[in-house]
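Below you'll find the structure, written out as structure tokens, and then a few comments.
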């Protein structure tokens, strides 16, 4: 199951909308910015930049909203949310971390 680390009314809203469109199961995990949870070692081990959102897909970690949306769209091609090309090839600055 996907895990989306989020903070309300933040950049994580767009991936959340994608999940709703995909009608797939996912777990929301609150990262409390008010208490600086995004700077905790446990979160930084997933996302060294400490930014929100972060997606955990099995053992793969994806961060930055646009990269998360592309990852989800490519993982569910039947929904035809994007053209079937490798967009991450053209966007090398977006970060994907493989565990």
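Residue numbers (the numbering used here): 12 to 110. Ideal Cβ placement from N, Cα and C applies to all residues, glycine included.
Return the chain-ordered list of same chain residues with a C-beta closer than 7 angstroms to the C-beta of residue 12, the five sequence neighbours on each side being excluded.
Closer than 7 angstroms at Cβ, skipping near neighbours: 36, 37 and 38.
Neighbourhood of residue 110 by C-beta distance below 6 angstroms, restricted to the same chain and skipping five residues each side:
Since pLDDT at residue 110 reaches only 45, below the 50 mark, its modelled position is unreliable, and no value is offered.
On the DSSP bridge list, what partners appear for residue 38?
14
In terms of residues, what are the limits of the beta strand (DSSP E) holding residue 92?
Where residue 92 is concerned, there is no enclosing beta strand (DSSP E), given that its DSSP letter is neither H nor E.
So with Cβ pairs under 8 angstroms, would you call residue 57 a contact of chain D?
Included in the structure is just one protein chain, with no chain D present.
In the region 33-78, which residue ranges form an unbroken beta strand (DSSP E) of at least 3 residues, counting only runs that do not cross its ends?
Segments of the beta strand (DSSP E) lying fully in the region 33-78: 37-41, 65-68 and 71-74.
Do the region 62-69 and the region 16-35 meet, that is, are 3 or more Cβ pairs less than 8 angstroms apart?
yes
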